[in-house]
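Peer 1: Residue numbers (UniProt numbering): 1 to 145. Mind looking over this structure? Questions follow.
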């Protein structure tokens, strides 16, 4: 065989090797990630003329979500999924003028507020009212002179 024939054979072999390697990688990725083939098994989306809406969906891999609300004013809903650790995670939420407030057993919560903070907060309005009264009295005195 000539030098050209060996070069062509080697190029064909390398091309075929790369194709087989890419195919094996694609198959392994597909098998390793069954989430890639999840299907939507339930879907509903309703928008009413007054701005109220609700939607919900569920997928074949156990992800579910729903929400209802009024336009850009308020919403409440929930979503759930199974984590990589096999645990079912569920979040229930409200979103309105007070912000987005999720709740879930797995979500961190802040520590309790110390009692001295509440006492300090209670004293602030009384101190502020006293200062405002004093300022008003001073202003009244100045206006008389």
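For glycine and all other residues, C-beta sits at the position ideal for the given N, C-alpha and C.
For the beta strand (DSSP E) that contains residue 64, what are its first and last residues?
Peer 2: Segment 64-70, the beta strand (DSSP E) holding residue 64.
Peer 1: Please say whether residue 75 and residue 69 have beta carbons closer to each other than 8 Å?
Peer 2: Contact flag set, yes.
Peer 1: The alpha helix (DSSP H) that contains residue 123, what's its start and end?
Peer 2: 115-144 is the span of the alpha helix (DSSP H), which, as asked, contains residue 123.
Peer 1: For the candidate residues 123, 97, 90, whose alpha-carbon lies nearest to that of residue 72?
Peer 2: It is 97.
Peer 1: According to DSSP, is residue 35 helix, strand or coil?
Peer 2: Reduced to three states, the DSSP call for residue 35 is helix.
Peer 1: Report the rounded CA-to-CA distance for residue 81 versus residue 60, giving the unit in angstroms.
Peer 2: Roughly 11 Å separates the two Cα atoms.
Peer 1: Using the C-alpha atoms, what's the distance from residue 49 back to residue 41?
Peer 2: Computed Cα separation, rounded: 27 Å.
Peer 1: Quick one: what's residue 94 bridged to in DSSP?
Peer 2: BP columns for residue 94 point to 76, 101.
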